[in-house]
Amino acid sequence: MKVSYIFLLLALLAEIIGTIGGFGSSVFFVPIANFYFDFYSVLGLTAIFHLSSNLSKIFLFKHGIDKFLLLYIGLPSVLFVILGGALSKFVDGPILEIALGIFLIILSLIFLIRKKLTISASKQNSIIGGSLSGFTAGLLGTGGAIRGLTMAAFNLEKSVFIATSAFIDFMIDFTRTVVYYQNGYIHSHDLVYVPFLLIIGLVGTFIGKRILAYIPQEKFKRLALILILLIGLVTLAKFLFNFQ
């Protein structure tokens with residue numbers, strides 16, 4: 001199978017932006033990969049790609065993990081990623097992609113326009129956000145943006161935000177990799193990309209961390225929300241492109 005180096009370059013860009021935003025690369029990687037692979041191959045590749053990138057983030061930001069969010073967002077995420085991954089075999093992917101795109105655009109715009117709007121740092125909000133994040137990760141291959149919106153409301157310091165999000169993402173990816181393998185999404189002809197994606201996960205995380213050092217804390221939350229808005233727009237653009 002011939003390797004697309006343009007795709008690999010875009011994957012590196014997705015990893016860098018995902019590291020800066022703090023919600024992982026899949027929110028960009030999935031729309032990009034959908035232009036090159038079928039929907040189910042994208043799910044399998046995304047899970048494998050994320051395992052390496054999140055291990056890198058955990059190592060680089062290991063001193064900032066928030067145990068409260070790890071429990072109340074992480075645990076529901078793992079439980080619901082199993083459900084989402086199981087249902088992915090029976091649901092029309094493009095319909096769910098367009099719904100996710102609209103959802104991300106609306107929520108990110110609400111927080112960008114109403115800058116003082118906050119979500120209370122409660123266990124209930126954490127559980128709801130974690131459940132939705134895990135479910136969409138299993139179903140669509142990306143749930144980090146929903147988790148990012150939930151965690152942004154807690155106004156975490158950026159290293160804590162990234163480390164906690166990466167650790168939760170790692171648990172999600174490990175779980176859904178097993179589910180996707182059982183579903184037959186990890187295809188032998190796509191494995192040629194795996195070594196490249198593992199390296200990209202490490203390099204992209206390192207570059208993203210270096211860039212993040214120059215971003216003021218007060219601008220971090222706004223940057224994360226802008227990136228989430230772009231994710232929603234990319235998702236919609238892909239759907240409209242395929243529809244035409």
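With the numbering used here, letter number 158 in the sequence shown gets 158, and the count goes up by one each step, no holes.
Cβ atoms here follow ideal geometry from the backbone N, Cα and C, with glycine treated the same way.
Residue i versus residue j - alpha carbon distance
i                : j                 : result
alanine 152      : phenylalanine 161 : 8 angstroms
isoleucine 82    : glycine 74        : 13 angstroms
serine 159       : proline 31        : 26 angstroms
phenylalanine 7  : valine 192        : 13 angstroms
serine 53        : isoleucine 168    : 12 angstroms
glutamine 124    : serine 133        : 14 angstroms
leucine 10       : phenylalanine 29  : 8 angstroms
leucine 79       : arginine 210      : 33 angstroms
leucine 70       : valine 194        : 28 angstroms
isoleucine 215   : glycine 101       : 27 angstroms
serine 188       : serine 41         : 10 angstroms
glycine 204      : valine 234        : 20 angstroms
serine 26        : threonine 136     : 11 angstroms
leucine 230      : glycine 184       : 31 angstroms
phenylalanine 59 : leucine 139       : 28 angstroms
isoleucine 226   : leucine 112       : 8 angstroms
serine 120       : arginine 176      : 29 angstroms
Reduced DSSP secondary structure (H/G/I, E/B, other) of residue i
i             : result
tyrosine 193  : helix
leucine 156   : coil
serine 53     : helix
serine 4      : coil
glycine 143   : coil
aspartate 92  : coil
lysine 219    : helix
glycine 184   : coil
aspartate 173 : helix
proline 114   : The displayed chain sequence assigns arginine, not proline, to residue 114. In the structure shown, arginine 114 sits in coil (DSSP, three-state: anything other than H, G, I, E or B).
asparagine 34 : coil
leucine 40    : The identity of residue 40 in the sequence shown is tyrosine, whereas the question assumes leucine. In the structure shown, tyrosine 40 sits in a helix (DSSP, three-state: H, G or I).
From the options, residue whose alpha carbon lies closest to that of residue i
i                 : options                       : result
serine 246        : Leu233, Pro94, Ala224         : Residue 246 cannot be examined here, being either before or after the span of the chain that is shown, 1 to 244.
isoleucine 105    : Val178, Leu51, Gly84, Ala145  : Ala145
phenylalanine 241 : Phe68, Asn54, Pro94           : Pro94
glutamate 15      : Leu212, Leu140, Ile110        : Leu212
valine 3          : Leu87, Phe196, Lys209         : Phe196
phenylalanine 103 : Gly232, Ala237, Lys238        : Gly232
isoleucine 199    : Gly130, Phe49, Val179, Phe68  : Phe49
alanine 163       : Arg222, Gly18, Leu96, Phe111  : Gly18
isoleucine 228    : Asp190, Val179, Thr142, Phe37 : Thr142
tyrosine 181      : Arg114, Leu236, Ser88, Phe35  : Ser88
proline 76        : Ser131, Leu202, Arg222        : Ser131
arginine 222      : Leu236, Gly208, Arg114        : Arg114
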